[in-house]
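Trainee: First, the structure itself, so that you have it in front of you.
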Amino acid sequence: MPEVSGLRSRVAVWLFHRVFILTRGMTLGVRAACFDSEGRIFLVRHTYVPGWYMPGGGVERNETVLEALEKEIREEGNLVMTSAPSLFHVYYNSRISKRDHVLLYRVQVEQTAPRLPDREIAESGFFSLDALPENTTTATLARVRELSGAVPPADLW
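So the number in my numbering is just where the residue sits in the sequence shown, counting from 1, plus 988.
Given below as structure tokens:
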């Protein structure tokens, strides 16, 4: 995976997944294609891996998928859903782990306050689909093409 090529990023991903092997039989994650009223997509840049991503994260024990989705967009962007999310596609993320699946939702959102940088999120913002930030990850670019209808959804993240 090109975005996880640096030593620090590879070590972080490796450590996260070693913990997940001990605590989870299969890893399940959610990602949100968050669109504002102007049709712009919300992306985040983390402090621990390079590139711009759609907000998301793992589904924890005793948490529903929709609870995880709501939590991740709130934590990573100060975002609230303005309508019910719609499941766009389910992906197998074999590049990260042989046990990882990602559910991608399309969500209409509003931002309650600007998201200030912290230890997890370095930057965030809304972007026009034809003006995504430099260093947007390969997977995020592929998902945007799928969401726009340019290509059919792939099964692999």
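Backbone N, C-alpha and C define an ideal beta-carbon position, used for all residues, glycine too.
1. Could you give the distance in angstroms between the alpha-carbon of P1141 and the alpha-carbon of S1082?
2. For D1106, list the residues DSSP reports as bridge partners.
3. Along the chain, where does the alpha helix (DSSP H) that runs through E1060 open and close?
4. Whole angstroms are fine: how far does the CA of R1062 sit from the CA of F1023?
5. Once you ignore the five residues that flank A1146 on each side, which residues in its own chain have a CB closer than 8 Å to its CB?
6. Please state whether DSSP places E1111 in a helix, a strand or coil.
7. Use the C-beta contact count for E1055: other C-beta atoms within 10 angstroms, 16 or more gives buried, fewer gives exposed.
8. Taking the alpha helix (DSSP H) that V1132 falls in, what are its first and last residues?
9. What's the call for P1073, buried or exposed, on a 16-neighbour Cβ count within 10 Å?
10. Around the Cβ of G1137, are there at least 16 other Cβ atoms within 10 angstroms (buried) or fewer (exposed)?
11. How big is the Cα-Cα spacing for G1039 and T1124?
12. Below 8 Å, how does it come out for the region 1085 to 1105 and the region 1042 to 1057: are there three or more Cβ pairs, yes or no?
13. Kindly indicate the opening and closing residues of the beta strand (DSSP E) around D1143.
Mentor: Reading it off the structure:
1. 16 Å
2. Answer by DSSP bridge pairing: none, since D1106 is not bridged.
3. V1053 to G1065
4. 14 Å
5. Because residue 1146 is not part of the residues shown, which for the chain are 989 to 1145, the question remains open.
6. strand
7. exposed
8. T1126 to L1135
9. buried
10. exposed
11. 5 Å
12. yes
13. Unbroken run through D1143: none, as it is neither H nor E.
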